[in-house]
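A.B. asks:
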Ligand SMILES: C[S@@+](CC[C@H](N)C(=O)[O-])C[C@H]1O[C@@H](n2cnc3c(N)ncnc32)[C@H](O)[C@@H]1O
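Protein chains in written order, with our numbering: chain A, -7 to 113; chain B, -12 to 275.
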């Protein structure tokens, strides 16, 4: 079973994402900001990260830079999932090392489509 | 509830004009979709629509009724593998086989809002220099004028650009236009859109090396499927390739095409055996 770390400060979004990902047979781990997410990755490196951008303490981009510095941190497929839905943010995320990008609102079909594009399903 | 005689009348019109079959359990669907047409024509009920059709059948009205009953569900790079195969197997073979004419023709039959033919153009664009000074025609046809208009506009919602389209392709080939995403004019210019009913004889459309006829035939009855596929076969050279949707098959429909076992969704012309897509392992076996 592949694991996915869901990083979002909204508990509702984490819950929705969890439900979708569990249906796709992922083991789901949650974090409410980038710093907590880094702690989780230091314990166990997930196969995938579904990543919000705007969060307190440490935002998505800062997390992504930090993650890619960690040992084994190049492995997870990182899929941004954010309301920042313009081309310049997409470019910024991809050049920071994101593998895919979801513009909110999302549904199960979009998650499935993006996860299969990066070879997670 | 729609009157059974009205359902029968409308069902028959849709069937004879498009081949689309509607079983009695689709009455609710017919009612839902035709209410919009009825309103547009100043009627409040399906009954009025049916009465108009009985009394003074108007070509425009009949066309709109038919069009309203089409299912236009589609996405970019649907099922992925046909587009991978096109890039890695089919086009490279055609580049060799057509090197004298340097001309390839591709048909997206039942193109809906354009995601399928535009995925094909993106694949061709990705091949880049290999296709320099080649002519690649992509014809995309549908029975639905509304879908053809949408396809030509090349404007897609945020939802549509997130289904099947990799983010790298979005970044490369789309720009933002308000809350929509607009496909690059260069990619759009590679496709010609035209209205075409698959019940008609496609001979005037010319020859096609590759035909995508995907998720269209599932809505048609058996004899119509057979006729459409055999018409398509007549337009294809011996080494032509046909793509059908994941839930579709030629089994029990026609013997003119056979599936290529190595490549999902790909069909080659049977008995002409010139394509050779499915013969790699056979050749290997006979050499061994
Ligand atoms: C479900 S869409 C498939 C779109 C695309 N080929 C794909 O696989 O995603 C089917 C399309 O076939 C069109 N269609 C249905 N009957 C047709 C007919 N008789 N002639 C031409 N197009 C037809 C519909 O208008 C609709 O846009």
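Quick reminder that beta carbons are idealized off the backbone N, C-alpha and C, glycines included.
Quantities reported herein were computed from a predicted structural model and do not represent experimental measurements.
According to DSSP, simplified to helix, strand and coil, what is residue 234(B)?
C.D. replies: To locate residue 234(B), count along the second chain from 1; it is residue 247. Residue 234(B): coil per DSSP, three-state reduction.
A.B. asks: Thinking C-beta only, is residue 179(B) closer than 9 Å to residue 124(B)?
C.D. replies: Indexing the second chain from 1 puts residue 124(B) at position 137. Indexing the second chain from 1 puts residue 179(B) at position 192. Taking 9 Å as the Cβ cut-off, residue 124(B) and residue 179(B) qualify as a contacting pair.
A.B. asks: Taking its Cβ as the centre, do 16 or more other Cβ atoms sit within 10 Å of residue 219(B), making it buried, or is it exposed?
C.D. replies: On the second chain, position 232 is the one that residue 219(B) refers to. Label assigned to residue 219(B): buried.
A.B. asks: According to DSSP, residue 90(B) sits in a beta bridge with which residue or residues?
C.D. replies: Counting from one through the second chain, the residue named residue 90(B) turns up at place 103. Residue 90(B) pairs with 122(B).
A.B. asks: Anything in chain A within Cβ reach of residue 150(B), meaning under 9 Å, just list it in chain order.
C.D. replies: Taking the first residue of the second chain as position 1, residue 150(B) is located at position 163. Within chain A, the residues near residue 150(B) are 101, 102 and 105.
A.B. asks: In chain order, what residues of the same chain lie with their CB nearer than 7 Å to the CB of residue 1(B), ignoring the 5 residues before and after it?
C.D. replies: Here residue 1(B) refers to the residue found at position 14 when the second chain is read from its first residue. Excluding residues within five positions, the ones whose Cβ falls inside 7 Å are 7, 9, 52, 53 and 56.
A.B. asks: For the segment 23 to 42 of chain B and the segment 163 to 181 of chain B, state whether three or more C-beta atom pairs, one from each stretch, are separated by less than 8 Å.
C.D. replies: Cβ pair count under 8 Å is below three, so no.
A.B. asks: Check whether the Cβ of residue 185(B) sits closer than 8 Å to any heavy atom of ligand 1, and report yes or no.
C.D. replies: As a first step, residue 185(B) must be located in the second chain, where it is residue number 198. Yes.
A.B. asks: Comparing the CB of residue 131(B) with every heavy atom of ligand 1, is any distance shorter than 8 Å?
C.D. replies: Here residue 131(B) is taken as the residue at index 144 of the second chain, counted from 1. Checking the Cβ of residue 131(B) against ligand 1 gives yes.
A.B. asks: By the 10 Å Cβ neighbour count, where 16 or more other Cβ atoms means buried, how is residue 78(A) classified, buried or exposed?
C.D. replies: Sequence index remark: in the first chain, residue 78(A) carries index 86 (1-based). That one is exposed.
A.B. asks: Rounded to whole angstroms, how far is the Cβ of residue 277(B) from the Cβ of residue 77(B), which I believe are closer than 8 Å?
C.D. replies: A question about residue 277(B) goes unanswered here, because the residues of chain B that appear run from -12 up to 275.
A.B. asks: Residue range of the beta strand (DSSP E) that residue 253(B) falls in?
C.D. replies: Mapped onto the second chain, residue 253(B) falls at position 266. Residues 253 to 256.
A.B. asks: For residue 183(B) and residue 92(B), which I take to be in contact (beta-carbon distance under 8 Å), what is that distance rounded to the nearest angstrom?
C.D. replies: Mapped onto the second chain, residue 183(B) falls at position 196. Mapped onto the second chain, residue 92(B) falls at position 105. With a Cβ gap of about 15 Å, residue 183(B) and residue 92(B) do not count as contacting.
A.B. asks: Excluding sequence positions up to five away, which residues of its chain have a Cβ less than 7 Å from the Cβ of residue 217(B)?
C.D. replies: As a working note, residue 217(B) is residue 230 in the second chain. Closer than 7 Å at the Cβ level, and outside the excluded window around residue 217(B), lie 241 and 243.
A.B. asks: Is residue 2(A) near residue 44(A), with beta carbons less than 9 Å apart?
C.D. replies: If you number the first chain from 1, residue 2(A) lands on position 10. If you number the first chain from 1, residue 44(A) lands on position 52. Contact flag set, yes.
A.B. asks: Can you list the residues of chain A that residue 30(B) reaches, using a CB-CB cut of under 8 Å?
C.D. replies: Position 43 of the second chain, counting from 1, holds the residue named residue 30(B). Under the 8 Å cutoff, chain A gives no residues; its nearest Cβ is about 35 Å from residue 30(B).
A.B. asks: Anyone know if the C-beta pair for residue 63(B) and residue 113(B) falls short of 9 Å?
C.D. replies: The sequence position of residue 63(B) within the second chain is 76, counting from 1. The sequence position of residue 113(B) within the second chain is 126, counting from 1. No, Cβ-Cβ distance for residue 63(B) and residue 113(B) is not below 9 Å.
A.B. asks: What's the gap between the Cα of residue 163(B) and the Cα of residue 83(A)?
C.D. replies: To locate residue 163(B), count along the second chain from 1; it is residue 176. To locate residue 83(A), count along the first chain from 1; it is residue 91. Whole-angstrom Cα-Cα distance: 13 Å.
A.B. asks: So for residue 185(B), helix, strand or coil by DSSP?
C.D. replies: Sequence index remark: in the second chain, residue 185(B) carries index 198 (1-based). Three-state DSSP puts residue 185(B) in coil, outside helix and strand.
A.B. asks: Which chain B residues sit within Cβ distance under 8 Å of residue 92(A)?
C.D. replies: Sequence index remark: in the first chain, residue 92(A) carries index 100 (1-based). Those within 8 Å of residue 92(A) in chain B are 153 and 154.
A.B. asks: Just tell me which of 203(B), 255(B), 210(B) and 248(B) has its CA closest to the CA of residue 224(B).
C.D. replies: Mapped onto the second chain, residue 224(B) falls at position 237. The shortest C-alpha separation from residue 224(B) is found at 255(B).
A.B. asks: For residue 97(A), name the three-state secondary structure that DSSP assigns.
C.D. replies: Mapped onto the first chain, residue 97(A) falls at position 105. Coil at residue 97(A), not helix or strand.
A.B. asks: Could one say the Cβ of residue 157(B) lies closer than 9 Å to chain A's Cβ atoms, at least one of them?
C.D. replies: For this step, residue 157(B) is matched to residue 170 along the second chain. Yes, contact with chain A.
A.B. asks: Please name the residue, chosen from 258(B), 100(B) and 39(B), that lies closest to residue 60(B) on a Cα-to-Cα basis.
C.D. replies: Mapped onto the second chain, residue 60(B) falls at position 73. Here the closest residue by C-alpha is 100(B).
A.B. asks: Check whether the Cβ of residue 98(B) lies closer than 8 Å to any heavy atom of ligand 1, and answer yes or no.
C.D. replies: Here residue 98(B) corresponds to residue number 111 of the second chain, with the count starting at 1. Checking every heavy atom of ligand 1 against the Cβ of residue 98(B), one is found closer than 8 Å.
A.B. asks: Check each residue of the segment 55 to 83 of chain A: if its Cβ is closer than 7 Å to any Cβ of chain B, include it; give the result in chain order.
C.D. replies: Correct list: 77, 78, 79, 82 and 83.
A.B. asks: CB of residue 54(B) to nearest heavy atom of ligand 1: below 8 Å?
C.D. replies: As a first step, residue 54(B) must be located in the second chain, where it is residue number 67. Checking every heavy atom of ligand 1 against the Cβ of residue 54(B), one is found closer than 8 Å.
A.B. asks: For a test of the three-state rule: what should DSSP assign to residue 42(A), helix, strand or coil?
C.D. replies: For the purposes of this step, residue 42(A) is taken as the residue at position 50 of the first chain. The answer is strand: DSSP assigns residue 42(A) an E or B state.
A.B. asks: Quick check: is the beta carbon of residue 108(A) nearer than 9 Å to any beta carbon in chain B?
C.D. replies: For the purposes of this step, residue 108(A) is taken as the residue at position 116 of the first chain. By this cut-off, residue 108(A) is an interface position.
A.B. asks: Assuming residue 54(A) contacts residue 89(A) under a Cβ cut-off of 8 Å, what Cβ separation, rounded to an integer in Å, is found between them?
C.D. replies: If you number the first chain from 1, residue 54(A) lands on position 62. If you number the first chain from 1, residue 89(A) lands on position 97. Actually they do not touch by this definition, with Cβ atoms about 12 Å apart.
A.B. asks: Bridge partners for residue 74(A) per DSSP, in chain order?
C.D. replies: In the first chain, counting from the first residue as 1, residue 74(A) sits at position 82. Bridge partners of residue 74(A): 95(A).
A.B. asks: Assuming residue 14(A) and residue 8(A) form a contact by the criterion Cβ under 8 Å, report the distance between their Cβ atoms to the nearest whole angstrom.
C.D. replies: Numbered from its first residue, the first chain carries residue 14(A) at position 22. Numbered from its first residue, the first chain carries residue 8(A) at position 16. With 8 Å as the limit, residue 14(A) and residue 8(A) do not qualify as a contact, their Cβ atoms being about 11 Å apart.
A.B. asks: Using a Cβ-Cβ cut-off of 9 Å, state whether residue 113(A) counts as contacting chain B.
C.D. replies: Counted from its first residue, the first chain places residue 113(A) at position 121. It does not: the Cβ of residue 113(A) has no partner Cβ on chain B nearer than 9 Å.
A.B. asks: Report back the beta-carbon spacing between residue 222(B) and residue 192(B) to the nearest angstrom; my notes put them in contact at under 8 Å.
C.D. replies: Residue mapping note: residue 222(B) aligns to position 235 of the second chain, counting from 1. Residue mapping note: residue 192(B) aligns to position 205 of the second chain, counting from 1. Sure, about 7 Å apart at Cβ, within 8 Å.
A.B. asks: Determine the closest residue to residue 133(B) out of 246(B), 257(B), 50(B) and -3(B), with distance taken between C-alpha atoms.
C.D. replies: For the purposes of this step, residue 133(B) is taken as the residue at position 146 of the second chain. Selected option, being the one with the closest Cα: 50(B).
A.B. asks: Specify whether the segment 83 to 97 of chain B and the segment 27 to 47 of chain B touch according to this definition: at least 3 beta carbon pairs, one from each stretch, less than 8 Å apart.
C.D. replies: Flag = no, the segment 83 to 97 of chain B and the segment 27 to 47 of chain B do not touch.
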